Structure formats: C-alpha cells, structure tokens
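In order, the protein sequences belong to chains C and P. For the first sequence, the numbering used here gives the first residue as 32, with consecutive numbering after it. For the second sequence, the numbering used here gives the first residue as 32, with consecutive numbering after it.
2 protein chains.
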Amino acid sequence: MMELTRKGEYAIRGILYLARQPQGKLSLVGEIAAASGVPKTFLAKILQDFTKVGLVYSFRGTGGGFSLARTPDRITLREVVEAVEGPILPNRCLIGAGSCENDSSCLVHPVWKRVRDEIVTILDGVTIEELAGEDHPT
Amino acid sequence: MMELTRKGEYAIRGILYLARQPQGKLSLVGEIAAASGVPKTFLAKILQDFTKVGLVYSFRGTGGGFSLARTPDRITLREVVEAVEGPILPNRCLIGAGSCENDSSCLVHPVWKRVRDEIVTILDGVTIEELAGEDHPT
DNA sequence: CTATAAAAAGACAAAAAAGGTCCTTTAGGT
DNA sequence: ACCTAAAGGACCTTTTTTGTCTTTTTATAG
C-alpha cells in the first residue's frame, strides 16, 4: 500500500534528466523519454503537468522544448510528486469537513494527519539537485 | 496520492467495533457490518484477512462469530492496515533487489525508505484501544 | 444422523483508476 | 506558407478496487 504510481516514478526520472542538462538548454519530449526510459506520449502529459504548476518552462515550435523553471536546488521532491499525483492525502478524511462524518470524534483522523505531515516534511527536505547527484560535487 | 483504500477504512471500522464489545463476546459478520456501515460480504473477506494473520479468532456454526485474538491495547493500527492492504511500501524499489536497476546509485531509494519507516513508526505507535476511545477513561 | 447456523473459499462482475496511444489544435520559427 | 514542437482532448487497454454470489467446510442442536 501507499505506493507511488508509475506516473510519479516517470515524473522523477524526467525531471532528473532536465536537472542534469546544462543550465538553460532545452530538451525535447522525445529526447527526455528516450533517455529516461519513459513512453514518450505519457511523458508529454507529465511535462504538461510540470508546466502547469510552473516547475518547467516549455517552448513551442522550432528550437522549442523544455527546461527547468528553477535551479534544481530549489525544486523539492514533494513538488515533483504532487505535480503529477496531486496532494499527499493518506486518507479521505483529510480532504474536507463533510467527508468524515465522525469529524471531531474520529480518532483515526489525527493519525493520518501526522502521517501526511511526516511525508510532506521528508519530501520537502529533498531537492532534485541532491537526487541528480554527480555534477555538483559537495 | 498515498491514499488508504476503502478496504483499509472498513478494516479499521470493523476492528474498532470488535474492540468496543465486551471481552470474549462473539460478533457475527452481519452484526459488525450493520453497525459499522460496511457491505457485509466485503467485510467477511476483511475478517478472513484478520483471522489469517491472527488478529481475530473466528468460530463457525451456531453460536459462532468473531472476537479479537488480543486485547485492543496490543493491536496496533499498522497491523490492522497491513492485514488487509499488505506491507507499507511507498515505492516498488523497496520490494526487492532486482526491481530497482539503479540500486545503489538510485538516490531516490533511501528517501522512500525513510518515508516508509516514518509511516510504520507512526502506525505502530497507535493501538486500537486508543482509537476505540470511551470505555477506558485515561 | 440430520437439520441448521455461520465462517471459509473461490468464482465472478461492475466500477474506477492507472497506464498509455493517437489525433487535432495552437504557437512559434524559417 | 510551411515546418516544428508542445497543448489539449478523445480514446483505449489493463489493472486494481470494490464488491456479489455460490458452494464448501465446520460446528452446534435437536
């Protein structure tokens, strides 16, 4: 349970590829897909998600492509995952008021809140620069 | 993402019902289902899962039913959730060696391990006695 | 030893989500 | 005008979730 979907994995691979490119260079969907072993059309959707939340820039037409919108040290793993999978919500309770009829009496509720907070804290603490490794010794 | 399934929710509701019954009393599937608002046949499967991992006792035939196999203070939320949803594994990487071809070079790997460990720690720290509330003031 | 009660086991099925493809449209460059 | 590449949307397939139904096993009561 609690598993990251394939989409989430692909998203990480895709953004890591971008993070490893020289600053400002544009990459094509096909190029990223081939390099990171992700189905091209599927990756295209993922990149669209990234653009929507402002993680990457996209440019159309000849000479177009994708690049990070920020330096890799200012993009967290949480942002990447949430961009394609939506907010981290281990339990439906946490979504809104009405969804948990138990509400204040629901003692399970605060447990899931703790779980969410912990996950968020961990993922927020990891930048994709750290994950990309290599090209930034120390 | 990272959402508990309905089955997991039902499992919690079901075991909380059992936890609130007088020690040693047997409850029928139908009774638990009605009281906790869970489809009866679905709950039956969940209770079978519980029995398999030894969380509850089951007795067939007239006068049969289900009861907890341990006192509620010795059953953790983690056990309940894992009984029906399998082990907590936020990422496929963590399952086995071969599944993550990156292996040691995969820097994402240790992050998911931390996430799993945190979730497990939290869920292990909550007993269903605490969740059942009421009948054990303080 | 037969009828009844209740869980166990397993086959089946509908609904939702995940995973992925394809085609058309829009925007940008030559 | 024509080409290039992303955006958007329709569509499809597979898998998982969420169940149901039927048959079998086990236990009890008469």
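Here a beta-carbon is modelled for each residue, glycine too, at the ideal position from N, C-alpha and C. On a predicted model such as this, the values are computed, not experimentally measured, just so you know.
Query	Result
Cutoff 9 angstroms: E110(C) Cβ touching any chain P Cβ	no
For Y10(C), the residue or residues it bridges with in DSSP	The requested residue 10(C) does not occur in the structure, where chain C is confined to residues 32 to 169.
Helix, strand or coil at T36(P) [DSSP, three-state]	coil
Pair within 9 angstroms by beta-carbon distance, Y73(C) and F97(C)	Correcting the residue identity first, residue 73(C) is Phe in this sequence and not Tyr. No; because the gap between Cβ atoms is not below 9 angstroms, this pair is not in contact.
Assigned secondary structure, Y93(P) (DSSP; H/G/I helix, E/B strand, else coil)	The sequence as given places Thr at residue 93(P); Tyr does not occur at that position. Looking at T93(P) - three-state DSSP - the assignment turns out to be coil, as it is neither helix nor strand.
L35(P) versus I153(C), T158(C), V146(C), S58(C), residue with shortest Cα-Cα distance	V146(C)
Chain-ordered neighbours of R51(P) on chain C, where CB pairs are closer than 7 angstroms	Chain C residues near R51(P): none, gap ~12 angstroms exceeds 7 angstroms.
Minimum Cβ-Cβ distance from A66(P) to chain C less than 9 angstroms	no
Backbone CA spacing between M32(P) and A100(P) [nearest angstrom]	33 angstroms
Cβ neighbour criterion (16 or more within 10 Å) applied to R91(C)	exposed
Residue range of the unbroken alpha helix (DSSP H) whose run includes Q79(P)	71-83
Chain C contact for G39(P) (CB, 9 angstroms cutoff)	yes
Same chain, Cβ closer than 7 angstroms to V151(C), neighbours up to 5 away in sequence not counted	R109, I119
Outcome for P70(P) when other beta-carbon atoms lying within 10 angstroms are tallied against a minimum of 16	exposed
Neighbourhood of L59(C) by C-beta, 6 angstroms cutoff - its chain only, sequence neighbours within 5 removed	G96
Sequence-distant residues of its chain with Cβ nearer than 6 angstroms to A128(P) (five each side left out)	Because the pLDDT of A128(P) is 48, which lies under 50, any placement of that residue in the model is unreliable, and the number read from its coordinates should be weighed accordingly. So the list is empty, once near-sequence residues are dropped.
Beta-carbon proximity list for I63(C), same chain, < 8 angstroms, skipping 5 on both sides	G45, Y48, L49, V69, L74, L78, F97
Where the alpha helix (DSSP H) containing P141(P) begins and where it ends	140-155
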